[in-house]
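Protein chains in written order, with my numbering: chain Z, 106 to 754; chain S, 96 to 238; chain V, 628 to 1019; chain B, 20 to 364; chain H, 23 to 309. One structure is given below, encoded as structure tokens.
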Amino acid sequence: MSRIGVFVCHCGLNIAKTIRVSELAEFASTLPDVVVARDYRFMCSTPGQEMIANDIKEHRLDRVIVTACSPLMHEHTFRKVIEKAGLNQYMLTIVNIREQVSWVTSDIEEGTAKAKALLNGAVYRARLLAPLSSRVIDVNSGVMIVGGGIAGIQAALELANTGKKVYLVEKNSTIGGHMAQFDKTFPTLDCSACILTPKMDAVLQHPNITLMTYCEISEVKGFVGNFDIKVRQKARYVNHDKCNACLACTEKCPGKGISEWDEGLVKRKAIHIPFPQAVPQKPVIDRDACTYFLKGKCRLCEKVCEQKAIDFEQQDTFIDVKVGAVIVATGYNLMDTSPLVQYGYGKYPGVYSALEAERLFNSAGPTSGKVTLRDGKEPQAIAILHCIGSRDKNNYEHCSRVCCMYSLKFAHLFKEKTSADVYQFYIDIRAAGKGYEEFYNRIIEEDVKFIRGKVARVAESSDEPGRLIVEAEDTITGKFVQLPVDMVVLSPAMIPREDSKEVGRLFNLSTDKHGFFMERHPKLAPLSTMSEGIFIAGTCQSPKDIPDTVAQANGAAAEALTIVSREKMELEATTAMVNPASCCGCQNCVRVCPYGAPLFNYEKGVSEINEALCKGCGLCASVCPTSAIIARHFTNEQVLAEIEGLMEF
Amino acid sequence: MSFEPKILGIACNWCTYTGADLAGTTRLHYPPNVRVVRVMCSSRINPSFIFRAFQLGADGVLVGGCHPGDCHYNTGNLYARRRLAVTKKILEFAGLEPGRFRVEWISASEGNKFAEVVQEFTAQIKELGPQQKLKIDELQEKA
Amino acid sequence: MSQAVTPYLEMSQAIIEAGGEALKKCYQCGTCSGTCPWTPITNFNIRKLVRYGQLGFDGIEDFMWGCSTCKFCVDRCPRGVELIDIVTAIRNVYSGGGMLPQSLRSFVGSLAARGNPWSGDPAKRNDWAKEKYPLYKKEMEYLFWTCCTICYDPRNTRLARATAELLNQAALSWGIPSIDVNCCGESVRKVGDLELFERLKNTNLNYFQANSVAKMITVSPHCLVTFKKEYGEDYNIVHFSELLASLIKEGKLKPKKDFGGIKVTYHDPCYLGRHSGIYDAPRDVIKSLPGVELVEMKRNREQSMCCGGGGGGLWMEKLKGERLSDLRVEEALATGANVLATACPYCITMFEDSIRTLNVDDKIVVKDVTELLLESLEINIDEPVGDMCEIV
Amino acid sequence: MLKKISISKISELAAALMDKGLLLAPVKEISGHNFVEIKDPKQVDLDFHNTIASPKAAFFPHKEDFIKYETGKPIDTASVVALNLPPTFLFGARPCDVKSFGIMDIHFIASGIVDPFWKQRREAAVIFGYAFDLEKPAQPEEFYQTLGIGAADPEGSDIFMVKKGGDLLLNSVTPKGEKILTELKILNEGKAADKKYYDEYIKKGKEYKTRSMCLEPGAITKKLEDLFQNTDFWNRVSSACISCGVCTFVCPTCYCFDICDDTLFGHGTRRRVWDACMFTDFTLEASGHNPRTHVYQRLRQKINHKYSYHVRKYGVISCVGCGRCTKYCPVNIDIYSIIEDAMKA
Amino acid sequence: MTDFRQIENNLKKEAKRLLEAGEVAVVLAYGRGYDEKHPMPFAAKTIADVESLVFNEYCNFNMASYLMRYPWGTKIAIAAKAADSRAIIQLVQEEKVRREDLVILGIPAYGMKNQKTNEVVDSKTTGGLYNPVIYDILLGEEIHGQKIVSPYEVLAEYEAMDKEERWAFWKSQMDKCIRCYACRKACPMCYCDPCFIDQNKPRWADKAPQSPGNMMYHLTRFHHLAGRCIDCGECSRACPVDIPLYLFHKKVAKECEEMFGQAAGMKLEDKPVLVDFRVEDSDKILE
């Protein structure tokens, strides 16, 4: 016979509004084995917690049911409470009557009835709970950061400064990310390179940071505190240990590749560094552009290299890294707008994407900072189109959040660098942020024209060849606008990296439908993920600007530190085990386990589970035909009992 | 009185249960008929759980897991997909209405999908009426 | 007098209840109005219509008849607003109050009294066939659905005969409906008379059921869309251009006559293109004709421009300069084409009018792809009408 | 007292019995005949050799509820299931099966530990024994002659029935039977010729041939005791055995059961359910230890129980030679052959 | 087809040779029962045992069921008809037996008969094959030219039933079940010990032969055998109350084959379908 205590939370009116909480507590007290049942305004508050602790002692409770919010919210809190009161922390069941009852039900009768059914299920389940003991493991002290943009750089420096070892993995040949492509940053208009490059250098120089550029993650094993990550070092065909960064090779190279850094506006060499301040300042060979790789002849670079650093035979290699935590900061892409034919991107040379425009302003860019069209002429009229692919059910429903501000920045830079008339075609201007509204006002005063209406079409002018006509309705006057311009800048949707789903799979992160990584809780755990020990920062989570990205990076660094600053940590005890007496030796468990936790003991003819590898998914338990595998805390008996309880009322 | 079905929901912790929480956080209302059991992964679901639920008087069973490829345990739901497909065929061949058992992939971000699925499934079960076939005889007498 | 207005939310609610649920989603970005072919040439503004609807403002009736339901805005709308539903709902709500414009009254009246929009005698629905073509029977494969326009409109009865001849050429098993059917109801639905639409629909459904109709051919894309989306049944229905394209591909119809290098441009009817997603079939038919060069107008396929005949537009008076068909004919002329081909009786009617008023009948003629194909098979359906014919 | 009735009127007799109480009689099911509680008198069908399952379920049902209780409630709220049995007529049981009741009575009553459920059911019952059809040969599996049971042996029945052409003769064996026969107005009086036919039939029944060997209980007991350790022997005879429960479930003298508790929504039932010594978990102990893990051990147990232990304890072989275990064994294991082998070994 | 007597002689010959040469420790085949019509599965371990071997049209037993009684490393010769050979393959896939321990004595046969009903056993009840899929020694000529009928053809009648009818059919069949477990014990793939239904923790169903427990037992067993059942029909043959379990197993096998593109017990290197997956499995299978 168990002694169960039931504690029903009102959560203020959150629960009490659609569930009669006192009736629920009364109902609980009629259920077999329930020795005490109470309701209280806020169970998670200190008095609420004390109430539970006191009842455990007074009524000699051996099981506790908290009927409140989602277990994802407070299971941990209440586990601590009952543990402090002397119970094993697994003798707790949470009934989720807030997220899954009161908030989704309007009728109080229905709400109360559903809550009763759920509570009854919990009582059935609680009777069968068993105490479990947690495992204690050693924690690796290093942190891996995936992505060398501003988020990754910031997090790496923060962590390295605390004395922890950091592995910064970047798939390109330099760190810096998108921020390195920008000319100015809004709203302060300070030079992007001026604030970024010192940080890039600091990363290179830092004794605690191992910089791994031109690398990709190929395998992730292990779990929080004990990640075992295999990193693929892509072949650079240049031995960086020998290279002294004289860059003589890049001068002689005849191969031409597309400059990623300049958004394809110009070409670069096959052996190259992406941009002058790249870190590391050592070149790589782009196989797809290299004359030798394409035609089998050339090797000019090899000839000019005094260090004998060129190595055409180089192969991809694999490096194993052991860390305790991981920060994923893989950044974003801009949407390819060429499928949206009405805007003419890719068809009319006068249509630019936002990142292309960024490069036009940059003094290290293809035009050395002069704003000229592809034919070299200076534009007379420029239209900046907001929300291209963003806020659009046909493409991406989210607001990309930074476009309004960088479009204003573009307007300012166009005004500064040209004499052109500048038009903003917008739906709403979103300028929430420190100094943003002020920046908006400043741009208005700079005589930029704002037309409220989403552009319907960009067409070629029939009167003036080469010019473009932008068609939209000015929704404020209701007039149809046909505006002749020379240049159109699109603000495309900010979207996840093309490989974000793949990265998500490697690290076991959930993604939303487009591929942004899901945080554990949108408000209270925005940097944590469902995978313990793996954190996210920056635009891989959602579109955001540089200040927010940097803030997240610092936050993620602190989160990672809470793990790697410990020498040992406790793991959930909810693993699977085999009852050898019932095992029939079919080896189904061995065949299905994604972690290789069950192994077959041929001598005894039974399976055995290595609990250090087990993550507690329970797959083995469900494929076990003889029910020999016990998925702790989700045993067959417990689940069956809960189902029975749920179906009674 | 109108027929209010009892529906068992079995949701994986990482996607569908979290998605169901999101439906709550965003205050999406849906019918109260689904009672959810939380398991760590849809692959934890033993087909006999489903048979048992029907015997205990469930009018419908709704299983929710991560989208294939998004499983927190990498491949759990890919096994689950096969196993539950077989479960469905077995129930169907035994003569149970196929509409009473449904598997949906609902991610943690799809609170609205959870609400929609529950809405739709509840309506469907209401249409089908009470499940009498697998229900234990003693329970039928009670009803 | 005060200029202030108060939102009249009951009206907005009425629109929502009449099927304009999408009203709620619009965030007034102006994509629709920027896209709408009417915005540059008339005072019709679809965005404003929605806005007025959202707040129930007075004055909506002044411009609610402008939309020709071409669906361009719906495809572009970033919020997924079903604007045509809103237009239909608004028209339903307001015309319920007797606000039907004069030009539409005879059209709606004819539909109510005679079951067709052309004031035709229902008994004479099949007169065009001159009893040459069979009535549909259960054992036949296809019902050739004869749209009212091809039954009554003199220009379009030619299309009806052309279709019938081609069906015979391909040796298909087919028949036309008896005179028990009536208009599919598409236009009247878009004009907002949902009640009348239901009546027309049920009459046709009764016929389909009684005759176990399973497969249908239609020449009007308007009928096609209506049967597919509004009748609530899953008919196996094809547009004749699709059938022709596949018959040519299978070699069952072989174009013979060489047109000697004429240029043909093709106009995508809104209901065939954007509404039904059929772009290639009619082009394939044209491309199969020997000695024909297909030239495209600037705006084609998904971006095609409306002729103005949809949504009741066919029956409405439009001022010169406010006719889309005029603009479209000019666009066709700009390609240097001799023939403006299309695949919709409404488009044909609209273009015939424009060609006449623009006085360009010496430069360009409008033809249905069906007619072009018939010509290339060297089948003459234009019966000699006495001496007149020889003079011409 | 001898009565008779035309077999064509058997459903009327059935209806008359149903008026008085519960009727259990052979019914033709998809796969053969079985004793079933009759709902419709037309179901009764005497055109059978023997039923698939023995009629022991009449007194020892496959599932018998003992106690009802509520979980979480004090023990004194639990209640013993009351049977409240109406008079029960077991109609058409073959002589060998009727014999089995006597053997079972030893365990459930005579041994001193009385099983109230068995006892109540037995007392409520009137047994209509039914002689085998002597015109037809015995089935190859049967061997009741070996156990000294005749094909028309009235012993154990309250009323014994014999077929005479298109008629059924019913003779009372016990006062209980006589009372019922008197009450059944639908029956006709038996004539002298009938009486003569009946008596001769009983006599002839003793000569009726089934498989037979000379089996002296003491001798087989001794033989089996000697053979107990002969693993080779037991391994050989059990090599085909697949450890299913068919033989014990169809057997008229197997009485092993399991006690289980089942709860549903807090309502509990403690009941007994047939168990089979052939099942691997039959002897599984709570500790996990199982003294009979091998097939041969289980088959040895079964043979010994029937032919050795039972004889030692009560002086009778616990087998009536009905041959069901052989007939329904999926792998054709024949208990008769095993006994034969044992005697020869 | 080689006649049964000839096969019996070949069987004896090979058994004798293998035992004599010490190549195998036991020959799993058929032995004499209490009469001609009732042969028994038989394990011949000595030369003397060989004389007891028989083969006739009643030798339906799937000898693969007996393989797991011997520890790995025991060399076993096994008589295998078509279905038995598939069972062997499936057991090798599941690592219950090792191929290298086996000498498979293949028996091509048709015209086998059910001893209870005397009906000819054909693809209606078994997997539609006449020749063993795998063997080392063939005891008769391979059979060719016999009519091949899809083993799933017999299902058409049941698939055509509406669900109410089908439910009524299965309910009446399952209600007959006396829970003797002959089906699982006769099944070569049911090697679990203990069976889930015998478990007390958890208690999946009650032990009494009544509807809910019977349903739970059979439905779950169908699931456990999904993608593993090799369609030998032994479950139905063993059933004392003639429940046509093979029909349900066939249906599940058919669905598995359609959904996963693999039939049980056909290839040694296959993996059982329910402990396997393909990323490109379609969600359609859940509809």
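We put the beta carbon where it would ideally sit given N, CA and C, even for glycine.
May I ask you to report which of helix, strand or coil DSSP gives residue i?
i	result
glutamate 271 of chain B	Just to set this straight, residue 271 of chain B is proline in the shown sequence, not glutamate. Proline 271 of chain B: coil per DSSP, three-state reduction.
tyrosine 319 of chain Z	coil
cysteine 1016 of chain V	No answer about cysteine 1016 of chain V holds up, because its pLDDT of 35 lies below 50 and its placement is not dependable.
methionine 232 of chain B	coil
glutamine 338 of chain Z	strand
proline 1011 of chain V	Per-residue confidence for proline 1011 of chain V stands at a pLDDT of 48, beneath the threshold of 50, marking its modelled position as unreliable; the derived number appears in the next sentence. Coil, per DSSP.
serine 800 of chain V	coil
threonine 997 of chain V	helix
isoleucine 390 of chain Z	strand
cysteine 254 of chain H	coil
Looking only at its chain, what residues have a beta carbon closer than 6 Å to the beta carbon of residue i, apart from the 5 residues adjacent to it on each side?
i	result
arginine 230 of chain Z	Thr198, Gln743, Ala746, Glu747
aspartate 106 of chain H	Asn84, Met85, Ala86
alanine 227 of chain Z	Ile170, Thr198, Val200
aspartate 54 of chain H	Before going further, note that residue 54 of chain H is arginine rather than aspartate in the sequence given. Closer than 6 Å at the Cβ level, and outside the excluded window around arginine 54 of chain H, lie Ser74, Val76.
threonine 580 of chain Z	Arg557, Gly558
Residues bridged to residue i by DSSP?
i	result
glutamine 529 of chain Z	Z/Ile489, Z/Phe555
tryptophan 772 of chain V	V/Thr845
Grab me the residues of residue i's own chain with a C-beta within less than 8 Å of its C-beta, minus the 5 sequence neighbours each way, in chain order.
i	result
methionine 1015 of chain V	Residue confidence is low: methionine 1015 of chain V scores 38 on pLDDT, short of 50, so the model does not pin down where it sits. No coordinate-derived value is stated.
Between the options, which lies nearest to residue i when the distance is taken from Cα to Cα?
i	options	result
threonine 293 of chain Z	Z/Glu576, Z/Asp533, Z/Leu513, Z/Lys720	Z/Leu513
glutamate 160 of chain B	B/Ala361, B/Cys348, B/Gly342	B/Gly342
leucine 880 of chain V	V/Arg674, V/Ser847, V/Glu792	V/Glu792
glutamate 99 of chain S	S/Ile231, S/Gln226, S/Val134, S/Lys230	S/Gln226
alanine 361 of chain B	B/Pro156, B/Phe301, B/Ile322, B/Thr312	B/Ile322
proline 730 of chain Z	Z/Ala717, Z/Gly721, Z/Ser712	Z/Ser712
glycine 131 of chain B	B/Tyr333, B/Pro349, B/Ile354	B/Tyr333
asparagine 927 of chain V	V/His894, V/Ser903, V/Ile713, V/Leu827	V/His894
aspartate 441 of chain Z	Z/Glu418, Z/Pro601, Z/Glu543	Z/Pro601
arginine 479 of chain Z	Z/Cys406, Z/Val371, Z/Asp526	Z/Val371
isoleucine 357 of chain B	B/Met232, B/Ala295, B/Glu154	B/Met232
Got a sec? Which residues, its chain only, sit under 7 Å from residue i by beta carbon, not counting five neighbours each side?
i	result
valine 269 of chain B	Ile71, Ala72, Ser73, Arg343, Cys344, Tyr347
alanine 577 of chain Z	Phe530, Ile556, Gly558, Lys559, Val560, Ala561, Val586
Chain D beta carbons: is any one of them nearer than 8 Å to that of residue i?
i	result
arginine 696 of chain Z	The structure shown contains no chain D; its protein chains are Z, S, V, B and H.
Between residue i and the ligand PLP, is there a pair consisting of the residue's CB and a ligand heavy atom that are separated by less than 7 Å?
i	result
proline 310 of chain B	As presented, the structure is devoid of all ligands, the ligand PLP included, so that no description of it is given.
Relative to chain B, which residues along the region 134 to 148 of chain Z have a C-beta separation below 7 Å, given in chain order? Pro137, Asp138
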